[in-house]
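This report refers to the structure that appears directly beneath it.
Residue numbers (my numbering): 543 to 718.
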């Protein structure tokens with residue numbers, strides 16, 4: 543069965559889901575949702591995603607939204623296909639979950655605000671808030687310093703824990 547992914551490939555959240563599906567070798571079709579036309583806010587889409595955001599998926603009877611939930615679902619469902627995205631041990635899974643939370647709560651909001659203020663609003667003919675963008679940029683530098691420290695630490699760890707953010711093995715958080 544082919545998974546239906548509702549969204550636009552321009553969306554980072556949709557890209558996150560597509561990267562997971564590709565890594566796992568899952569067949570999918572993208573059902574384009576025109577964000578510029580507000581299709582994600584229409585009643586027929588709100589049945590799939592009540593908050594009017596992309597992505598949403600249909601996999602047989604399962605309807606799911608929120609990109610991180612979707613990638614966790616497919617990483618678990620297809621654990622025996624492609625790379626193990628969630629970790630093998632309880633400790634590895636805990637670290638993957640930790641960094642997924644770090645991304646969701648410390649990185650994503652800042653990047654979203656920067657893109658909104660510097661790209662999306664100007665594209666829509668609206669002025670972006672450059673002061674807000676600058677504040678986000680400063681905060682993001684601190685977050686990226688933490689990521690950099692983690693990557694430097696990982697680079698000196700044994701082979702089994704090196705190239706990716708938390709290990710030598712590609713994990714779900716490397717999709718983000």
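We put the beta carbon where it would ideally sit given N, CA and C, even for glycine. Nothing here was measured: the structure is a model prediction, and the numbers come from that model.
Find out if the Cβ-Cβ distance for the pair residue 617, residue 627 is shorter than 7 Å. yes
Using alpha carbons as the reference points, say which of 652, 607, 599 and 575 lies closest to residue 676. 652
contact_flag[the stretch 545-561, the stretch 587-598] where n(CB pairs < 8 Å) is 3 or more: yes
Between which residues of its own chain and residue 656 is the CB-CB distance below 8 Å, once the five residues before and five after are set aside? 675, 678, 679 and 682
Report the rounded CA-to-CA distance for residue 576 versus residue 583, giving the unit in angstroms. 10 Å
Residue 544 versus residue 672: straight-line alpha-carbon distance, rounded: 43 Å
What separation, rounded to the nearest whole angstrom, lies between the Cα atoms of residue 602 and residue 546? 9 Å
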